[in-house]
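Counted the way the UniProt record's numbering counts, the sequence shown spans residues 1 to 382. Notes follow the structure.
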Amino acid sequence: MTLDKPSLTDRVKRAFAAFDLPLMVIMLLLLAIGLVALYSASIDVPSRVASQLRNIGLAFLLMWLLASLPTQKLMRIAVPLYAFGIALLIAVFVIGVTKNGARRWINVGVVIQPSEIMKIAMPLLLAWYFQKREGGVRWYDYVVAMVLLLIPVGLIAKQPDLGTAILVAAAGLYVIYLAGLSWKLILPVFLAGVIAIGSLLAFESRICQPDVTWVGLHDYQKHRICTFLDPTSDPLGKGFHTIQAVIAIGSGGVTGKGWLKGTQAHLEFIPEKHTDFIFAVFAEEFGLMGESVLLLLYFSLVVRGLMIAAGGATQFGRLLAGAISMIFFTYSFVNMGMVSGILPVVGVPLPFMSYGGTALVTLGVGVGILMSVAREKRLMQS
1 MTLDKPSLTD
11 RVKRAFAAFD
21 LPLMVIMLLL
31 LAIGLVALYS
41 ASIDVPSRVA
51 SQLRNIGLAF
61 LLMWLLASLP
71 TQKLMRIAVP
81 LYAFGIALLI
91 AVFVIGVTKN
101 GARRWINVGV
111 VIQPSEIMKI
121 AMPLLLAWYF
131 QKREGGVRWY
141 DYVVAMVLLL
151 IPVGLIAKQP
161 DLGTAILVAA
171 AGLYVIYLAG
181 LSWKLILPVF
191 LAGVIAIGSL
201 LAFESRICQP
211 DVTWVGLHDY
221 QKHRICTFLD
231 PTSDPLGKGF
241 HTIQAVIAIG
251 SGGVTGKGWL
261 KGTQAHLEFI
271 PEKHTDFIFA
281 VFAEEFGLMG
291 ESVLLLLYFS
301 LVVRGLMIAA
311 GGATQFGRLL
321 AGAISMIFFT
331 YSFVNMGMVS
341 GILPVVGVPL
351 PFMSYGGTAL
361 VTLGVGVGIL
371 MSVAREKRLM
381 QS
């Protein structure tokens with residue numbers, strides 16, 4: 001008896017069966033736009049584009065592996081991955097590599113940033129934690145979840161790395177909220193935040209004086225916030241990033257100056273133009289029309305992720321997919337906000353556009369997890 005070998009088309013379909021088509025299309029479009037913007041931002045360093053293509057290849061490989069992995073296996077690695085991440089964060093203070101006054105990296109043959117692991121490990125652990133308590137969540141479960149969240153956030157903030165600490169905190173808080181945290185507990189925190197922001201705006205001229213010390217914050221963090229409130233107070237220092245980025249966005253107008261024709265980027269006025277401030281490069285060259293397309297793609301990415309979360313087969317899948325979807329929103333909102341001057345500069349990359357291997361791999365893993373949750377639902381329906 002002779003068995004017919006599957007055709008090439010069948011083998012390709014089987015290999016990519018775990019992929020979610022809408023999610024894949026959105027991600028590919030963002031990556032394509034990112035490469036176009038990166039080429040312009042790195043016209044003087046063309047090797048960056050080749051390096052980013054390698055990063056994309058690695059991200060796709062991990063995405064495919066995660067998409068093919070059942071969510072039950074993701075649950076099994078939640079606790080070990082969290083414990084491993086905490087151990088590495090502690091190791092940073094012992095054997096960490098210091099760059100620009102911050103100790104965030106470990107050299108293990110290659111230099112890695114352990115805090116990046118927590119962006120995935122944190123929502124994984126909390127989704128596992130609430131899955132184990134499905135149907136019987138008590139008030140103290142939220143307290144335990146907050147403690148589990150505050151441990152890595154505190155360690156990351158101590159490095160110091162405020163941007164990554166915010167992202168990890170957001171990832172965990174999304175899971176806690178989606179697990180059913182009452183608005184009665186959220187509202188006071190929200191009001192406290194509004195009062196704090198209002199106080200900063202009202203008393204900025206007093207509290208931003210050099211002789212005023214902010215409890216719990218480093219001097220550079222205080223300076224960053226004060227410069228955000230008034231970039232012109234340090235136009236050639238901390239305010240330079242924001243001022244030049246806003247000029248670039250405004251000079252793009254409605255249709256932009258055209259690809260490779262952005263003066264702010266090519267005359268080296270925009271710092272970190274290939275990483276955190278790549279949105280300013282894109283906005284100057286493609287204008288409001290290009291920005292609108294980009295915003296639509298990020299909106300579609302978040303909506304598709306939330307649709308996958310809503311259809312998750314288990315509470316673990318729903319919580320995890322919902323948190324990852326909102327992480328994409330947080331990345332995009334914080335980056336565009338800091339580049340356009342409505343948020344402080346905290347060093348958050350723009351998803352799938354900013355140059356960098358670690359962040360891109362983390363995002364690829366996140367998309368792979370979303371696809372795993374979507375695949376589980378499809379298998380249950382078939």
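We put the CB at the ideal spot given by N, CA and C, even for glycine.
Outcome for residue i when other beta-carbon atoms lying within 10 angstroms are tallied against a minimum of 16
i      : result
Met1   : Bear in mind that the predicted position of Met1 carries a pLDDT of just 44, short of 50, making it unreliable; the figure below should be weighed with that in mind. Burial call: exposed.
Gly253 : exposed
Pro235 : exposed
Phe299 : exposed
Val212 : exposed
Leu201 : exposed
Asp276 : buried
Tyr129 : buried
Thr98  : exposed
Ile186 : exposed
Lys261 : exposed
Tyr355 : buried
Ser372 : buried
Leu360 : buried
Glu376 : buried
Phe190 : exposed
Val339 : buried
Glu291 : buried
Gln52  : buried
Cβ shell of residue i (< 6 Å), same chain only, five flanking positions each side left out
i      : result
Met118 : Gly85, Pro152, Val168
His241 : Pro271, Val345
Met326 : Tyr174
Phe333 : none
N- and C-terminal bounds of the alpha helix (DSSP H) containing residue i
i      : result
Ile106 : Per DSSP, Ile106 belongs to no alpha helix (DSSP H); it is in the beta strand (DSSP E), 102-107.
Val175 : 162-178
His223 : 219-229
Thr44  : Per the sequence shown, residue 44 should be read as Asp rather than Thr. Per DSSP, Asp44 belongs to no alpha helix (DSSP H) and is neither H nor E.
Phe203 : No alpha helix (DSSP H) holds Phe203; DSSP gives it neither H nor E.
Tyr142 : 139-157
Leu379 : 357-381
Lys238 : 238-251
Arg318 : 315-339
Ala17  : Premise fails: Ala17 is in no alpha helix (DSSP H) and is neither H nor E.
Ile342 : It is not in any alpha helix (DSSP H) - Ile342 carries neither H nor E in the DSSP assignment.
Trp128 : 115-132
Residues of its chain near residue i, where Cβ-Cβ distance is below 8 Å and the 5 sequence neighbours each way are ignored
i      : result
Gln131 : Met75, Thr314, Gln315, Phe316, Leu319
Pro123 : Ala171, Gly172, Tyr174, Val175, Leu319, Leu320, Ala323, Ile324, Ile327
Contact belief for residue i with residue j at Cβ below 8 Å, rounded distance in angstroms
i      : j      : result
Leu155 : Leu89  : 4 Å
Ala67  : Gly368 : 5 Å
Met353 : Gly34  : 4 Å
Glu116 : Thr358 : 5 Å
Val348 : Tyr331 : 6 Å
Ile243 : Glu284 : That pair is no contact at about 14 Å.
Leu38  : Arg48  : 6 Å
Val92  : Leu125 : Their Cβ separation, rounded to whole angstroms, is 19 Å, which puts Val92 and Leu125 out of contact at 8 Å.
Val281 : Ser40  : 6 Å
Closer than 9 Å to chain C by CB, residue i
i     : result
Ala78 : Structure shown: chain C not included; a single protein chain is present.
Proximal residues to residue i (C-beta, below 7 Å), its chain only, five neighbours per side dropped
i      : result
Ile95  : Ile106
Ile120 : Thr362, Val365, Gly366
Asp141 : Arg133
If we require 4 or more residues per run, which alpha helix (DSSP H) segments fall completely within the stretch 69-103?
71-95
Which whole runs of the alpha helix (DSSP H) in the stretch 261-307 are 4 residues long or more, in chain order?
263-266
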